[in-house]
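Trainee: Quick one: structure below, then a few questions.
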Amino acid sequence: MLVASRGMPQQRTDPNGESMLETTVVVIGGGATGAGTFRDLCMRGVPTILLEQGGLAHGTSSRFHGLLHSGGRYAVGDNDSARECIEENTIVRRIGHQCVEETEGFFVLTPEDDPDYVQGWVEACAKAGIAAAEVDVHEALRLEPNLSPAIRRVFRVPDACVDGFRLVLHNAMSAQRYGGRMLTYHKAVAIHQQNGKVCGVTAHNTLTNEDVEIACSCVVNAAGSWSGRIAALAGLDVAVSPDRGTLVVFNHRFTSRVVNRLHPGSDGDIFVPHGSITILGTTSTTTDRPDDTIPTTAEVQRLLAIGEPLFPDVRNYRILRAFAGTRPLYTPGNASGRKASRGFHVVDHGSEGLEGMVSIFGGKLTTYRLMAERAADTVCKKLGVTAPCRTAEEALIPDPDKATLALAARHFPMAGLKIMADRLGDDLPSVLDAAKAKKENPLLCECEMVSLAEIEHVARDAATHSLTDIRLRTRLGMGTCQGTFCSLRTIAALAEHNIPLDIPPTENMRRFLQERWKGLRPALWGIQAREMELGRAVYAGVLNLDGAAHEQNC
Amino acid sequence: MNKIADVLVVGSGMAGLVAALSAAQQGCSVRLLSAGMGSLAICGGTIDLLGYVQGNAIADPWQGMTQLPEEHPYRLLGVDNVRLAMDSLRKTLEDHGWPMHPAIIDGHDGNTRLPTIMGTLKPTWLLPPGVEPQTLATAKNILVVSVEKLRDCRPGLVIDQLKRYKEWADRTYTPALLPSPFGEAHRSISALDLARLADRPQTRNWLLDNLAQFAGNYDLILLPPLCGSRADLALQQQISAIAKCPVVEMLSIPPGVGGLRLRDVLLRAMKECGCTFIENATALHAEVHDGCCTALQVNASGVVERQAAHAFVMATGGILGGGITMTPGTVQETVFGIDIPAPQDVGQWSEQDIFGNHIFSHMGIRVDSAMRPVGHEATPLWQNVFFAGRTVGGYDYAAEKSGLGVAIATGWQAGRMAARAALEMNGKQQ
Amino acid sequence: MNMHISPDKCIACTTCVVQCPVAEATTKFLGPRMIGPAYERFRLLGLAEDASLHYCANCKNCDISCPQGVPVSSLNMLARAEQCRHHSPSLRDWILGHGELMARWLRHVPAPLKNFGMLNPLTREVLDALGIDKRATLPAFATQTFRQMFAHIRQPGHKRKVIYYPGCYVDVYDPTTGVDMVWALNRAGYDVIVPNEVVCCGLPLVSNGFWQHAHANAERNLRELAGWRDKGLPLLTGCPSCALMFRTDLLEYFPDLISKYGPCRLEDAQKFLLETMDDALFEATSTAPVVSQHVIYHAPCHLRAQGNGLPGLALLRRIPGVNVDNADAGCCGISGSYGFKKEKYDIAQTIGSRLFAAIRESGAATAVSECGTCRVQIRHGSGLPAKHPVSILRQHLEGLH
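Protein sequences appear in the order of chains A, B and C.
Throughout, the working numbering is defined as the position within the first sequence, counted from one, plus 1.
Throughout, the working numbering is defined as the position within the second sequence, counted from one, plus 1227.
Throughout, the working numbering is defined as the position within the third sequence, counted from one, plus 224.
Here you go:
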């Protein structure tokens, strides 16, 4: 068995010339749990490689409503989960404030909800340690003027909003600072074992179609909705069922707080403000595919109908797009949907005859850190590592100093500066240097205020292959125009400044627009239909991107 | 103001302006209402007629028209009428000092594939003065120019992408980035900012001096649309003379410098015809009696005004312009409330491929050959109501590259037919 | 307060950027699409305001050109109000926003003295230091206010009556235009009532950031006018900016007042006169000899924004002897007090340069426009005298040459 020395994962070339890596632990899954486990192990000094089949947060961690739960939602049904939520909520605000908007949340009783539910809910919140204070309805309407004037009661809870993608990114950045190595667009295709012990993983690079062998002594299966598939690679079975949830993104921030309906958890009853947009979620349907993420019109209409008692104008707000993700529900004995537990489970497969294999599943993004801690504890115990978990104490990324921020204000639009600094984290100083060195630093994406320097910085990152990767890091193309103007500007700037992406320019744009299209289609009406016609006018009508697909043949 | 106009045109995009002119040329009094500036403000300066039929590139748009489905506006009008419409527009353009022309191949006019600011080629039909298809085909030594801080056009991308076309691969390209004339600017500059510099004799030298340095070294200069925002032939000639080679503007994204030139000409022509232009007036509802429309109710800054006329041309711009309203499960023409058939499930309105053959992209009013909306029996719903431009169904301007062509053809016909209807009604009343 | 208008209608098509006269004149301004709907999405997030917001002239060309009906200028004015709540506007902006109030304070000072006080070179240096450009031509106080003059005009005793809202420009600086308007309305068969309680419509206050003062003015005006409206009397004004303020802006700015009093949508008096001519109540004929006159007409942006076309131009075309050209050369640049401001004077002159050239090249000896400050700017930029259409009407029909 190979055990890597402490420190960085080692790279070497085997006699056949194939790429060969050595490490102690391979974490499979670049979502919140995986990246959190990756960070935790690296901070404890365990050599670790993270594998992700797509880009970071390709799965569920970027496909949810972005609510950092206070726990209020689970207080009645699952008080233990609720307690975990409020504890972790407090920790994540502290260690990841760049990923969190401290908006607070309202639980709102509408005329359609059962008033008798309230008393039990208040008591359950108290039991879980969640501060839930009643707010006068008039005061609530003053604070959130778009709420329905018909609402009956309002409670204030410490909900917050979290940028799932950024949280994953910052965990990964932190892990890399501690020596971890990350391989995105690498799909785990085999888990090797010897004498009942894990000894390696084969990863397939989906961009180059090459395989990479990684020798290791431990594998953490943190693949979320895909964890059943990963377990199967090792001949194991886990009780995880993907559960599909669809969400709607609105063009503007019509609520400045998270707004929940005060009733037993149901579809479509949470509004989450998220930077410049608002998200409404979530539906719940059982699915057999973890990548069942194409939203439907019926789901969108259902969400609007359920959201209406809270925000009566919801049908007049412009829908930018819809999207879907799959929850990895822990379903022993085939519990499903909302009845399934939101708790999480760490399974040491040693008891099933495979030493070194640990799976973690269930749970929710709010408790990702705790899940990672438990998974890392299990691994460390096996490896005899005694270093304690420090992920709750240390900030994910350091804050930029005041001087850097002051300098940045000279090179970036003021309004966009804070959000840019938050999403860049560690990278701000180098982006700033790049901006200083340039004659120009225009906004390439005006809807989300993303500048050339930031885009170029992200484009140069080894983990960036496509416009979509840039979008996830920067929010390029995620605003009003959904990529109509910015994708051309970005592709043009990268070509001009010799920063080629793996995918050639026109193809890259087509894929990017296609990805945006997927989310536009189910809500093709109102103003957004006009926006889409403008996009078609530009990309097909003027630039002939459709014709060029067949005609650019050199 | 409550005098009844002969023809009331709604919309000031290409279809509306052409309809207004076409009706005025028949001797009618024309009033044109506009909510917003019309799509020419975001259009390019060439005129597409027909570039693709069912995804196949078409060299001869007239030939291509015969392959279109029967419900296509070109088929409803007939090739001869489309030709008359185009001739009429070309004459207007020529009379106002902006002669546009198509490529002539073996004695027939046809499409020209013009470079875009993305370095792709797009087939288009009428070219602005100074653009010669022959030069585009034969130029070997090409200068691709843009301007510092102009985000929308970067020579690097243009050259990379042009080289991916066989007929453009084997040529020599030189990129050039002109210094920005604006210095420190609080906002990003657009081609329109630069074009406006070229409009004014006092600031024009920036462009002329910069192009002069390349004079004689190239067969062709490609640049973004910055050679003036008005239809100024002398300026175009001056630019080419200074560069000592053809200077061709690449097709570009909004703001539509080239479209502004067309709008400039058409507004001048309309003014000469005595058309009345009412801005910022949104048509809300139609008053109809006995198979005729008598007036439109119009929102004029919060007050509903009645605009009466003998005939009406609706050139309201389809989905983008608001002439077609899409709500979950239903599609309607906005002013007359005409139902447009659509599947109940919005998911069926489009295909999964963004550039697929979508149902919604053909959605619009079904019209007869006179551009009157028709009901189930194919009979006109009203005798004096005519539609033009994208609110008419049966075509996909983006995939076909037929946007301005259909706007001109349907606008010309709708204006002409509305004039005829108005004169008849006038006759009846007298 | 902290009001917001949904930015959802904007599809980022850039049409407003094409039509914005300020964006055309200077790259210091971020442009209507960015300052309006794009920034609004970030204002809702509580992020910092863009430094160039103050460059918006509130000329409404963005609203006129927008195909999607985005109230861009109102988004900007609400943002400015919010900004001014945190950072008080300057003394200069107070002065420019409160012309009517100052006139009221100084009402007992004789006009020549007031004008000497305000317009002498020394004061102009002081004002220049405060930020009112000394090159700008400031309007002079009239000897008598319009309302003082109106008090001496006996109404003919027609059965039909109209309410005439003069607006502060006519009242304070240009009473003759108001008197001409009263003459025209009388001639059309209407007695004219000028309510005593009404004050400035508040547009200069909004443009300069005095939101609460504008609210107070609006309340006073609506309270007064709603009564007349409910009696069924037509509410007229000759000033396009006042009309637009009452027709659309107040509804977007002060929904609380609208729900209290209902809207009082002032009608364009020129349109009203034209309709009286159509209805043969008013014949544009004269016993005076026809004198031919070539004039050039400028359409104020706030008139174009009303969606009624150019009734003032149509009115001029009905006057025997008057040969009128439509300049059709865009915004004059003044936007109320915008063009008086030191940092905006050059921008305003650049914007107006096309109009000035069109006026000079027309060969006309007189310019005509409904808007008072447009006329100030035209006189300043082109050197031609500038009048209101009703003044031309009266001059010809009464033979006052």
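Positions of the beta carbon are idealized from the N, C-alpha and C atoms, including for glycine.
Kindly list the residues whose CB is nearer than 7 Å to the CB of His1299(B), restricted to its own chain and excluding five residues on each side of it in sequence; keep chain order.
Mentor: The residues are Gly1621, Tyr1622.
Trainee: Name, please, each residue of chain B whose Cβ falls closer than 8 Å to the Cβ of Gln515(A).
Mentor: Under the 8 Å cutoff, chain B gives Asp1580, Ile1581.
Trainee: Compare the C-beta of Phe1613(B) against all C-beta atoms of chain C and say whether one is closer than 8 Å.
Mentor: For Phe1613(B), the answer is no, since every Cβ of chain C falls outside 8 Å of its Cβ.
Trainee: Give the residues from the region 528-539 of chain A that approach chain C closer than 8 Å (Cβ to any Cβ), ordered along the chain.
Mentor: Residues Ile528, Arg531, Glu532, Leu535.
Trainee: Contact between the region 268-285 of chain C and the region 1633-1651 of chain B is defined here as three or more beta-carbon pairs at a separation below 8 Å; is this criterion met?
Mentor: With a cut-off of 8 Å, the region 1633-1651 of chain B and the region 268-285 of chain C do not count as touching, because too few Cβ pairs lie within range.
Trainee: Between the region 466-480 of chain C and the region 505-514 of chain C, do at least 3 Cβ pairs fall closer than 8 Å?
Mentor: No contact exists between the region 466-480 of chain C and the region 505-514 of chain C.
Trainee: Using a Cβ-Cβ distance under 8 Å, would Lys1367(B) count as near chain A?
Mentor: False, the Cβ-Cβ gap to chain A never drops below 8 Å.
Trainee: State the Cα-Cα distance for the pair Glu508(A) and Cys1380(B), rounded to the nearest angstrom.
Mentor: Near 18 Å, if we compare the C-alpha coordinates of Cys1380(B) and Glu508(A).
Trainee: CA-CA distance, Gly31(A) and Val451(A)?
Mentor: Distance between the alpha carbons of Gly31(A) and Val451(A) is about 25 Å.
Trainee: With a threshold of 8 Å, are at least 3 pairs of Cβ atoms found where one atom belongs to the region 1332-1350 of chain B and the other to the region 538-546 of chain A?
Mentor: The region 1332-1350 of chain B vs the region 538-546 of chain A: in contact.
Trainee: With 8 Å as the threshold, decide whether the Cβ of Gln1294(B) is near any Cβ in chain A.
Mentor: Answer no: the Cβ-Cβ gap between Gln1294(B) and chain A never drops below 8 Å.
Trainee: Starting from the Cα of Lys565(C), find the closest Cα among Asp352(C), Val416(C), Gly381(C), Thr472(C) and give me that residue.
Mentor: When each option's Cα is compared against that of Lys565(C), the closest is Asp352(C).
Trainee: For the alpha helix (DSSP H) that contains Asp244(A), what are its first and last residues?
Mentor: No alpha helix (DSSP H) holds Asp244(A); the beta strand (DSSP E) holding it covers 241-251.
Trainee: I need the straight-line Cα distance from Lys437(A) to Leu468(A), nearest angstrom please.
Mentor: Each residue's alpha carbon lies about 24 Å from the other.
Trainee: Less than 8 Å between the beta carbons of Glu457(A) and Ile504(A), yes or no?
Mentor: No, the Cβ-Cβ distance between Glu457(A) and Ile504(A) is not below 8 Å.
Trainee: Assuming the contact rule is C-beta atoms closer than 8 Å, Ala183(C) and His518(C) should be a hit. Round their C-beta distance to whole Å, please.
Mentor: In this structure chain C extends from 225 to 625, so residue 183(C) is not present and cannot be described.
Trainee: Using only CA atoms, which one of Leu1487(B), Met1644(B), Ala1636(B), Asn1444(B) lies nearest to Thr1401(B)?
Mentor: When each option's Cα is compared against that of Thr1401(B), the closest is Asn1444(B).
Trainee: Looking only at C-alpha atoms, which of Ile259(C), Asp232(C), Ser230(C) sits nearest to Val241(C)?
Mentor: Closest by alpha carbon: Ile259(C).
Trainee: By the DSSP assignment, the beta strand (DSSP E) with Leu489(A) in it spans what residues?
Mentor: Here Leu489(A) belongs to no beta strand (DSSP E); instead the alpha helix (DSSP H) covers 487-497.
Trainee: Along chain A, in chain order, which residues have C-beta atoms closer than 8 Å to that of Ala1626(B)?
Mentor: Residues of chain A passing the Cβ test: Ala541, Asp547.
Trainee: Jot down the residue ranges of each uninterrupted alpha helix (DSSP H) in the region 1341-1382 of chain B, minimum 4 residues, whole runs only, in chain order.
Mentor: Within the region 1341-1382 of chain B, the complete alpha helix (DSSP H) runs of at least 4 residues are 1360-1365.
Trainee: Among residues of its own chain, excluding the 5 on either side of Val539(A), which ones have a beta-carbon nearer than 6 Å to its beta-carbon?
Mentor: Excluding sequence neighbours, Val539(A) sits near Thr485.
Trainee: Determine which residues share a DSSP beta bridge with Ser360(A) and list them.
Mentor: In the DSSP output, where bridge partners are listed per residue, Ser360(A) has Asn222(A), Val348(A).
Trainee: At least one CB of chain B closer than 8 Å to the CB of Cys555(A): is that the case?
Mentor: So, interface residue.
Trainee: So, is the C-beta of Ser230(C) closer than 8 Å to a C-beta in chain A?
Mentor: Yes, contact with chain A.
Trainee: So does the region 367-374 of chain C actually touch the region 453-464 of chain C, counting three or more Cβ pairs closer than 8 Å?
Mentor: Touching, no, given that fewer than three Cβ pairs across the two stretches are closer than 8 Å.
Trainee: Which residue's Cα is closest to the Cα of Glu449(A): Ala464(A), Gly269(A), Ile471(A)?
Mentor: The candidate whose alpha carbon is nearest that of Glu449(A) is Ile471(A).
Trainee: Between which residues of its own chain and Asp114(A) is the CB-CB distance below 7 Å, once the five residues before and five after are set aside?
Mentor: So the list reads Arg262, Leu263, His264, once near-sequence residues are dropped.
Trainee: In its own chain, which residues sit with a C-beta less than 8 Å from the C-beta of Lys1471(B), not counting the 5 before and 5 after it?
Mentor: Within the same chain, Lys1471(B) has close Cβ partners Ala1442, Gly1443.
Trainee: Beta-carbon within less than 8 Å of Phe513(A)'s beta-carbon, same chain only, minus the 5 sequence neighbours each way: which residues are those?
Mentor: Excluding residues within five positions, the ones whose Cβ falls inside 8 Å are Ser467, Leu468, Thr469, Arg472, Gly478, Gly484, Ser488.
Trainee: State whether the region 25-45 of chain A contacts the region 384-404 of chain A, with contact taken as three or more CB pairs (one from each stretch) at a distance under 8 Å.
Mentor: As far as the Cβ criterion goes, the region 25-45 of chain A touches the region 384-404 of chain A, which means the pair count is three or higher.
Trainee: Taking only the alpha-carbon atoms, compute the straight-line gap between Ile1285(B) and Trp1639(B) and give it to the nearest angstrom.
Mentor: Using only the alpha carbons, I get a separation of about 24 Å.
Trainee: Going by the beta-carbon positions, is the gap between Thr288(A) and Arg254(A) smaller than 8 Å?
Mentor: Contact: no.
Trainee: Using DSSP with H/G/I as helix, E/B as strand and the rest coil, what is Ser615(C)?
Mentor: Here Ser615(C) sits in helix by DSSP.
Trainee: So what's Arg359(C) in DSSP terms, helix, strand or just coil?
Mentor: Of the three classes helix, strand and coil, the one that applies to Arg359(C) here is coil, per DSSP.
Trainee: How many whole angstroms separate the CB atoms of Gly201(A) and Cys217(A), which I take to be in contact at a CB cut-off of 8 Å?
Mentor: About 6 Å; that satisfies the 8 Å criterion.
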